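Working notes, beginning with the structure itself.
Residue numbers (this note's numbering), protein chains in the order written: chain X, 1 to 188; chain D, 1001 to 1330.
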């Protein structure tokens, strides 16, 4: 009789622990998904800002038509990207095209002193940062999610309910690994 | 201590501070009953003090942030943007962008932003939780710091928001303010009521215990402002190191925060708009007391902030840089 009671208590405790662990994992999974969506939101914002920038500098940068076209095309490719790996590569290309544009814009005194251009540059620089911080947050939370489903004993719950480790955001482009030479910041 | 433990500890301490405050007020009120009015049939002043204490603790909890922002004459960012020159507008937009970036990095909603019209660089955060948080910076901070340094300062404040330091520090600031005010009234009341004391003492037959209570009561009233100050300082000091470290974790750029702290500290002017009661919320001691530079028992007890040199050195170590030889120049 006592053996039975002990057994029942034991089973109940295990079940309670499994429920708590499962709920914690679901919470982390949703946070991870939310972090992923935040990256998308910021990328979309960047895509929306670029036509503005191109229109503002178009008049003054008549002779840099090539660079402007490259930015517009890189943006179009980035918007059409499918899947994280593809998106990472095309966003990287867009970053480079923008970097070239800003480097060239430095040669045009009218652009440098233009408040609109300054503000747009700040907005773009900030959006770049936001993309970066959104990725950083995603990686932090995804790592937490992965650790909690891989460590014992939570891994027993994770594997029986089919939790999959989240994929981390990594630098895919060789060029992005190198130290960038363009100065996008607004430091004076 | 991880983030959840920090948050739990701050929640607990907030309750503790409010509890001690209410109990202290009740004690003061009860003293008025015992020595002036008489306890029987009901301790009127004690009950009134209890109600006032609970009401002001609750209003400190829910509206302490407004009081703190109001007392330092902080202006909402949106109001400033509307009437700013293009150059100012650029800096304000930058501040808003930096705050957005740090909110994303911390995974929190963006706090409301305020600017204090004061030329000395300083900043603080207040509120009761991340959903009701505010960050205020002085105009001087916007003028002196580069974008990266501003980001470091906002990240520092964002970590105060994230780990609920703001709740504890705002409640402490509100309680300290209330105690100072009340003890001011009480000392005046004591002088005025001194003549009538003999009358009510007959009724309750004082004795030794009564005198001990009287002494305790008088000491409590006289020392209340001092005790409140020490309490406020004990609360803020260690937290600054922690917020520096987790701020650097958000920006991954400890060097910029170190540089910002150096600029804030050695702009030696006191921040006049920030009142004494709000000092423990700020990133650097706004009163310009040089206790921030010294170490040792007394400096530790009376400075509201840890020595700036230590904070800068700790941050520079994170960036694998040597400690500054002369903190005033490099």
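By construction, the Cβ of each residue, glycine as well, lies at the ideal position given by its N, Cα and C atoms. A quick note: this is a predicted structure, and the numbers were derived from the prediction, not measured.
- Ranked by Cα distance from residue 115 of chain X, the first of X:6, X:57, X:38 is X:57.
- Per DSSP, residue 1112 of chain D lies in no alpha helix (DSSP H); the unbroken beta strand (DSSP E) holding it starts and ends at 1112-1116.
- Among the residues of the region 109-129 of chain X, those with a Cβ less than 9 angstroms away from any Cβ of chain D are 115, 118, 119, 122, 123, 125, 126, 127, 129, in the order of the chain.
- Distances from the alpha-carbon of residue 1125 of chain D to those of D:1009, D:1167, D:1105, D:1106 put D:1167 closest.
- Per DSSP, the unbroken beta strand (DSSP E) holding residue 1135 of chain D starts and ends at 1133-1138.
- Using a CB distance cut-off of 8 angstroms, residue 1254 of chain D does not count as an interface residue toward chain X.
- The straight-line gap separating the alpha-carbon atoms of residue 1028 of chain D and residue 1267 of chain D is approximately 42 angstroms.
- Selection D:1007, D:1212, D:1143, D:1229 evaluated against residue 1122 of chain D yields D:1143 as nearest (Cα-Cα).
- The continuous beta strand (DSSP E) containing residue 1124 of chain D extends over residues 1123-1127.
- Residue 1097 of chain D and residue 132 of chain X have their C-alpha atoms some 14 angstroms from each other.
- By the CB criterion at 8 angstroms, residue 143 of chain X and residue 168 of chain X fall inside the cutoff.
- Classified as buried, residue 1134 of chain D has 16 or more neighbouring CB atoms from the shown chains inside 10 Å of its CB.
- The Cβ atoms of residue 1100 of chain D and residue 1112 of chain D lie no closer than 8 angstroms to each other.
- Listed along chain D is no residue with a C-beta nearer than 8 angstroms to that of residue 169 of chain X; the closest approach is about 14 angstroms.
- From the beta-carbon of residue 1319 of chain D, no residue of chain X is found nearer than 9 angstroms; the closest lies around 17 angstroms away.
- Put simply, the region 111-128 of chain X does not touch the region 78-87 of chain X. Fewer than three CB pairs are less than 8 angstroms apart.
- As summarised for the region 1017-1088 of chain D, the continuous alpha helix (DSSP H) elements at least 4 residues long and confined to that stretch are 1044-1071, 1077-1082, given in chain order.
- The region 36-96 of chain X is shown to contain whole alpha helix (DSSP H) runs of 4 or more residues at 65-79, in chain order.
- Among the residues facing chain D, residue 145 of chain X is not included, as its CB has no counterpart in that chain under 8 angstroms away.
- Here residue 1320 of chain D is exposed. Its C-beta has fewer than 16 other C-beta atoms within 10 Å.
- Within the region 1057-1089 of chain D, contact with chain X at the beta-carbon level (separation under 7 angstroms) is assigned to 1086.
- Its Cα nearest to that of residue 1251 of chain D, the residue D:1155 stands out among D:1088, D:1009, D:1074, D:1155.
- In this structure, residue 1062 of chain D lies away from residue 1043 of chain D, with their beta-carbon atoms at least 8 angstroms apart.
- Closer than 8 angstroms to the CB of residue 1107 of chain D there is at least one CB belonging to chain X.
- With distances taken between CA atoms, residue 79 of chain X lies nearest to X:91 out of X:170, X:70, X:91, X:69.
- According to the DSSP assignment, residue 1162 of chain D belongs to the alpha helix (DSSP H) that extends over 1147-1162.
- Boundaries of the alpha helix (DSSP H) around residue 110 of chain X: 109-112.
- Within 10 angstroms of the beta-carbon of residue 161 of chain X lie fewer than 16 other beta-carbons, which makes it exposed.
- Exclusion of the five residues before and after residue 1216 of chain D leaves no residue of its chain whose Cβ lies closer than 6 angstroms to its Cβ.
- Proximity of residue 102 of chain X to chain D, defined by a Cβ-Cβ separation below 8 angstroms, is not satisfied.
- Counting along the chain, no alpha helix (DSSP H) covers residue 1283 of chain D, and no H or E run does either.
- With respect to the 8 angstroms criterion, residue 1035 of chain D and residue 1214 of chain D are classified as neighbours on the basis of their beta carbons.
- About 4 angstroms separates the beta carbons of residue 1120 of chain D and residue 1271 of chain D, which is inside the 8 angstroms limit, making them a contact pair.
- Chain-ordered listing is empty here: chain D has no CB closer than 9 angstroms to the CB of residue 142 of chain X, the nearest sitting near 12 angstroms.
- Less than 8 angstroms separates the beta-carbon of residue 1074 of chain D from that of residue 1115 of chain D.
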